[in-house]
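As structure tokens, the structure follows; a few thoughts come after it.
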Amino acid sequence: MHSPVSPPSMPPPELRPTLPEWASVSPARIQHIQRVAELAARWAEQMGVPHSERNRWLRAVWLHDALRDAPPEELARWAATTPGPPALWHGPASAAHAKAQGEVDRGVLDAVRYHSVGLAEWDMVGRILYCADYLDPERPFEREARALLAQRLPTDVGGVLRDIARSRILHQIKSGWPILDPTVRFWNSLVATGSGSH
Ligand SMILES: [Fe+2]
Ligand SMILES: [Fe+2]
221 MHSPVSPPSM PPPELRPTLP EWASVSPARI QHIQRVAELA ARWAEQMGVP HSERNRWLRA
281 VWLHDALRDA PPEELARWAA TTPGPPALWH GPASAAHAKA QGEVDRGVLD AVRYHSVGLA
341 EWDMVGRILY CADYLDPERP FEREARALLA QRLPTDVGGV LRDIARSRIL HQIKSGWPIL
401 DPTVRFWNSL VATGSGSH
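Just so we're aligned: 261 in my numbering is position 41 of the sequence shown, and the numbers increase by one with no gaps anywhere.
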């Protein structure tokens with residue numbers, strides 16, 4: 221489908237912007253991020269959102285895993301106050317770095333910062349990123365069910381968001397992992413509104 225990756229190649233115009241210069245990502249990670257961008261761009265198209273909003277979604281997508289493969293010292297430098305295990309530091313670290321580089325959009329920064337845990341106060345950027353990240357078609361589990369969710373999303377963002385949050389939180393519980401406070405508040409906000417689209 222795609223030509224062999226030669227990172228950091230410029231993505232096609234409809235998926236831009238692109239990775240920030242300071243990104244620290246493996247070639248496989250770039251492919252994941254690009255697939256997430258493809259999903260977000262497709263939904264933006266299907267939902268007819270304005271160019272400016274689509275640009276916010278894609279900015280968050282390209283930032284969300286930008287420090288996913290950064291060395292621990294760099295993560296600690298940008299996310300020194302982040303609670304939880306190091307695997308959860310890359311979102312806060314990337315948001316902090318993006319902010320230091322001039323990103324001022326609160327919705328974009330919150331989408332990136334909380335993409336691993338969820339946030340009750342998210343606007344559409346956070347919701348779209350959370351869904352697109354999980355629905356990357358190359359993730360090895362539940363491919364058919366996740367493809368159906370991706371198809372359904374443009375007409376039912378709230379419902380799909382809630383379904384994904386349920387799956388992710390159940391997985392965390394079954395794995396014996398703690399549920400962090402932002403995740404609990406995120407879940408409660410989704411069930412309290414009935415649709416998660418307030
Ligand atoms: Fe991530
Ligand atoms: Fe991701």
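All residues carry an ideal CB built from backbone N, CA and C; glycine is no exception.
Open item on the list: Is the beta carbon of Arg347 closer than 8 Å to that of Leu381?
Closed with: yes
Open item on the list: Can you determine whether any heavy atom of ligand 2 sits closer than 7 Å to the C-beta of Val256, and answer yes or no?
Closed with: yes
- [ ] Say whether the region 294 to 308 touches the region 273 to 286, bearing in mind that this needs 3 or more beta-carbon pairs closer than 8 Å, one atom from each stretch.
- [x] Cβ pair count under 8 Å is below three, so no.
- [ ] Taking 8 Å as the cut-off, decide whether the C-beta atoms of Pro231 and Ala257 are in contact.
- [x] yes
Open item on the list: Rounding to the nearest angstrom, what Cα-Cα distance links Lys319 and Pro312 in this structure?
Closed with: Their backbone Cα atoms lie some 10 Å apart in a straight line.
- [ ] With DSSP collapsed to three states, give me the class of Thr403.
- [x] helix
Open item on the list: My parser needs the alpha helix (DSSP H) runs of 4 or more residues fully inside the region 313 to 360; what are they?
Closed with: Positions of the alpha helix (DSSP H) runs, each at least 4 residues long and wholly inside the region 313 to 360, are given as 326 to 333, 344 to 354 in order along the chain.
Task: Cβ-Cβ distance between Asp343 and Gly327 below 8 Å - done: yes
Open item on the list: With a threshold of 7 Å (Cβ to nearest heavy atom), would Ser336 be considered close to ligand 1?
Closed with: yes
TODO: Alpha carbon to alpha carbon, how far is Leu239 from Tyr350? Give it in angstroms, no decimals.
DONE: 18 Å
Open item on the list: Less than 8 Å between the C-beta atoms of Ser314 and Leu283, yes or no?
Closed with: yes
Task: Alpha carbon of Ser223 to alpha carbon of Asp353, nearest angstrom - done: Reliability of the predicted coordinates at Ser223 is poor, the pLDDT of 38 falling under 50, and the value obtained from them is presented with this limitation in mind. Between Ser223 and Asp353, the C-alpha separation is close to 22 Å.
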